[in-house]
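Taking it in order: structure first as structure tokens, then the write-up.
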Amino acid sequence: MKLSVFCGASVDGFLARPNHALDFLEAGGHEPHGFEEFYGSVDVVVIGRKTFEVVLTFGEWPYGKKPVVVLSSRPLDFSSVKGGVVEQMSGEPAEIAAQLKTRGFQHAYIDGGITIQRFLAAGLIDRMVITRVPVLIGEGIPLFGPLPRDIELRHVATRCYKGGLVQTEYELGAAQQSPDSG
Ligand SMILES: NC(=O)c1ccc[n+]([C@@H]2O[C@H](COP(=O)([O-])OP(=O)(O)OC[C@H]3O[C@@H](n4cnc5c(N)ncnc54)[C@H](OP(=O)(O)O)[C@@H]3O)[C@@H](O)[C@H]2O)c1
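Residue numbering for the sequence shown follows the working numbering, starting at 14 and increasing by one per position.
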């Protein structure tokens with residue numbers, strides 16, 4: 014099973030403002046940058062509890078009928094999710110990835126700062142597509158954080174968009190993966 018990250022961040026590396034606002038992502042002018050194609054290629058979405066809480070404020074469930082796994086160590090209330098397919102998991106990223114693989118999923122979309130950081134630290138991410146929007150916001154929820162060791166990235170491509178988005182795609186080699194990552 015493949016695990017991918019596809020996210021938008023400010024040039025100074027934030028996924029959201031400290032209050033979780035995402036307004037700054039508009040600095041790129043909402044130009045199409047491959048998200049629809051990426052989304053069509055995944056068969057399960059894995060998000061952290063904090064991302065889930067932000068998504069609930071959107072009013073409309075944005076994931077359609079795609080299975081969504083929300084990670085949290087505490088009980089979650091999914092009663093306000095209308096029309097979506099959602100469940101909860103928790104545990105080590107390797108255990109979560111193994112469960113998803115056992116269930117036949119082939120491509121997981123890993124999203125949320127802490128969530129991405131935990132899967133990265135466990136050596137489980139195969140591909141990262143980071144779209145930098147042309148703005149500095151100074152503080153916020155970071156995409157990256159502390160790591161137990163360096164993680165080397167293989168640069169695949171960098172794409173520049175008219176509105177100022179700069180998208181960089183990386184592959185993470187098998188050599189980066191921990192022995193139990195499967
Ligand atoms: N710009 C973008 O493309 C983009 C993309 C995604 C998200 N965001 C934004 O990023 C912010 C959220 O990111 P975040 O870093 O604050 O948090 P997050 O990763 O969304 O959620 C973190 C929480 O997820 C749970 N979690 C993660 N891994 C777990 C595991 N292996 N087992 C059990 N629980 C696990 C924990 O919940 P508990 O504390 O409940 O145990 C943890 O506190 C939101 O504002 C969201 O809108 C932006």
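For glycine and all other residues, C-beta sits at the position ideal for the given N, C-alpha and C. As the structure is a prediction and not an experimental result, all values here were calculated from the model.
Any beta strand (DSSP E) of 3 or more consecutive residues that is wholly inside the segment 69 to 134: 80 to 84, 98 to 102 and 120 to 124
Extent of the continuous beta strand (DSSP E) to which Phe19 belongs: First-last of the beta strand (DSSP E) with Phe19: Lys15 to Ser23.
Whole-Å CB distance - Tyr76 paired with Gly97, under 8 Å assumed: Indeed, because the Cβ distance is near 6 Å, the residues count as touching under 8 Å.
Residue range of the unbroken alpha helix (DSSP H) whose run includes Tyr52: Phe48 to Ser54
Supposed contact pair Trp74 and Val94 - C-beta distance, whole angstroms, cut 8 Å: 6 Å
First and last residue of the uninterrupted beta strand (DSSP E) at Val179: Val179 to Glu184
Any non-hydrogen atom of ligand 1 closer than 7 Å to Asp124 Cβ: yes
Whole-angstrom distance between Ala170 and Gly176, CA atom to CA atom: The straight-line gap from Cα to Cα measures roughly 18 Å.
Test: Lys78 CB closer than 8 Å to a CB of chain B: Absence of chain B from the displayed structure is noted, only one protein chain being present.
Proximity of Gly153 and Arg30 at Cβ, strictly below 8 Å: yes
Pairwise C-alpha distance: Val18 and Val148: Spanning the two alpha carbons is a distance of roughly 21 Å.
Cβ-heavy atom distance, Ser17 to ligand 1, below 7 Å: no
Leu38, DSSP secondary structure in three states: helix
Nearest candidate by alpha-carbon position, reference His120, set Thr128, Ile127 and Ala110: Of the residues Thr128, Ile127 and Ala110, the one whose Cα lies closest to the Cα of His120 is Ala110.
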